[in-house]
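A short worksheet on the structure shown next.
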Amino acid sequence: MSGWFEQRSGLAGTVAVITGGAGGLGAAIALDLAANGVHPAVIDIDPAAGGQLSSALDERGHDGIVHHGDARDPEALAALFEVVDERWGRVDTLVNVVGGTFRAPFLETKPKGWDALLRTNFHHVLHACSLAAPRMQAGGRGGSIVNITTIEAHRAAPGFAVYAAAKAAVEQFARTLAVELAPDRIRVNNIAPDYVPTPNLKRLSNGSDPMSDPVGGSVAIPMGRVGRVEDVSGCVVFLASALSEYMTGTTLHPDGGTFASSGWFNWPSEGWANHVPLQHLQS
Ligand SMILES: NC(=O)c1ccc[n+]([C@@H]2O[C@H](COP(=O)([O-])OP(=O)(O)OC[C@H]3O[C@@H](n4cnc5c(N)ncnc54)[C@H](O)[C@@H]3O)[C@@H](O)[C@H]2O)c1
Numbered sequence: 086m087s088g089w090f091e092q093r094s095g096l097a098g099t100v101a102v103i104t105g106g107a108g109g110l111g112a113a114i115a116l117d118l119a120a121n122g123v124h125p126a127v128i129d130i131d132p133a134a135g136g137q138l139s140s141a142l143d144e145r146g147h148d149g150i151v152h153h154g155d156a157r158d159p160e161a162l163a164a165l166f167e168v169v170d171e172r173w174g175r176v177d178t179l180v181n182v183v184g185g186t187f188r189a190p191f192l193e194t195k196p197k198g199w200d201a202l203l204r205t206n207f208h209h210v211l212h213a214c215s216l217a218a219p220r221m222q223a224g225g226r227g228g229s230i231v232n233i234t235t236i237e238a239h240r241a242a243p244g245f246a247v248y249a250a251a252k253a254a255v256e257q258f259a260r261t262l263a264v265e266l267a268p269d270r271i272r273v274n275n276i277a278p279d280y281v282p283t284p285n286l287k288r289l290s291n292g293s294d295p296m297s298d299p300v301g302g303s304v305a306i307p308m309g310r311v312g313r314v315e316d317v318s319g320c321v322v323f324l325a326s327a328l329s330e331y332m333t334g335t336t337l338h339p340d341g342g343t344f345a346s347s348g349w350f351n352w353p354s355e356g357w358a359n360h361v362p363l364q365h366l367q368s
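Taking my numbering, the leading residue of the sequence shown gets 86, the next gets one more, and so forth.
Structure, rendered in structure tokens:
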């Protein structure tokens, strides 16, 4: 006998293409979808992460595809979709996970860096959607496209101007695509996390991680802790499922309240303030 969620979600037996699905947030997304009966088809640039995901899927008895490749390469993306066509003949969900950035004031960056950020965070989303949506249309069962964006698409991000702009472009693209594809019951939504210390992100932080510190985290994050990969993967399961079948063109914010608090901090001595308390400036 299947449970309420299994019946209402309609996920079992569906197929999800996941770019960057073998490590970090992507691996949690692939494994949580697979746990709900979804066949994941992953492209990932990291062969070691791909091997680990393949083993994890095998151990749990899940049927999936893990391709080694660069999601920024339209031919590599197209090759994955062709294998999916042959194997399952359907695409129900597309999750665009690939993205990344580097820290630099805008005036210290060059066009080559801007192009790289746009390729990594925006262009492959267009390619992946252009491959997934016609297949969803042909299937006649609707579909769900989910883009992992960021809180930085919704606020200023000093040191990350082009990354933030590229992710905001994804959000705005999703709104229009959602409207264009709504008659086909193909939904397009975004998930905008704040800080989730995935292994690759931790490597960039050079050992300094104030947000994961219990005091630092409780000052900056209303819910008092950094994000976990399952905070994001749970949102993907919901958006892939029929539970969200009337939601399109919108964004979920699994961020512990940081988008809502926008600039307000819960200082240990002063409580909520939208400025640094004077005693911190003087010490
Ligand atoms: N971790 C966070 O705090 C955080 C916060 C907000 C938004 N995001 C967004 O979430 C997404 C995933 O973040 P993450 O921390 O899991 O990153 P990550 O660096 O761990 O990447 C996830 C996976 O994508 C793969 N990947 C990277 N570039 C690829 C490419 N060109 N082709 C194929 N695979 C590629 C990596 O190998 C990895 O397995 C990104 O789009 C990021 O901008 C992350």
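Beta carbons: idealized from backbone N, C-alpha and C, even for Gly.
Note that the coordinates shown come from a computational prediction; the quantities given were computed from them, not determined experimentally.
The alpha carbon of V183 has as its nearest neighbour, out of D143, D129, S229, C214, the alpha carbon of D129. Contact between the stretch 131–148 and the stretch 326–337 is absent, with fewer than three C-beta pairs closer than 8 Å. In the DSSP assignment, L179 falls within the unbroken beta strand (DSSP E) covering 178–181. Relative to the non-hydrogen atoms of ligand 1, the Cβ of G105 comes within a distance shorter than 6 Å of at least one.
Residue side-chain check: V183 places its Cβ nearer than 6 Å to a non-hydrogen atom of ligand 1. Looking at the backbone, the Cα of G301 and that of A201 are separated by about 32 Å.
The distance from the Cβ of V281 to that of L118 is about 18 Å, inconsistent with a contact at the 8 Å cut-off. Between A250 and T104, the gap from beta carbon to beta carbon reaches 7 Å or more. Separation of R204 and A263 (C-alpha to C-alpha, rounded to the nearest whole angstrom) is 22 Å. Just measuring C-alpha positions, the residue of G146, G292, N274 sitting nearest S229 is N274. Per DSSP, D148 lies in no alpha helix (DSSP H) and is assigned neither H nor E. In the displayed model, P125 falls within a strand according to three-state DSSP.
Fewer than three Cβ pairs drawn from the stretch 170–185 and the stretch 135–147 lie within less than 8 Å of each other, which leaves the two stretches out of contact. DSSP places I114 in no beta strand (DSSP E) but in the uninterrupted alpha helix (DSSP H) bounded by 109–120.
Inclusion of D131 in the 6 Å shell around ligand 1 follows from its C-beta lying nearer than that to a non-hydrogen atom of the ligand.
Of the heavy atoms belonging to ligand 1, none sits nearer than 6 Å to the Cβ of T336. Taking 7 Å as the cut-off, the Cβ atoms of T234 and V255 count as close. In this structure, T283 has its beta carbon less than 6 Å from a heavy atom of ligand 1.
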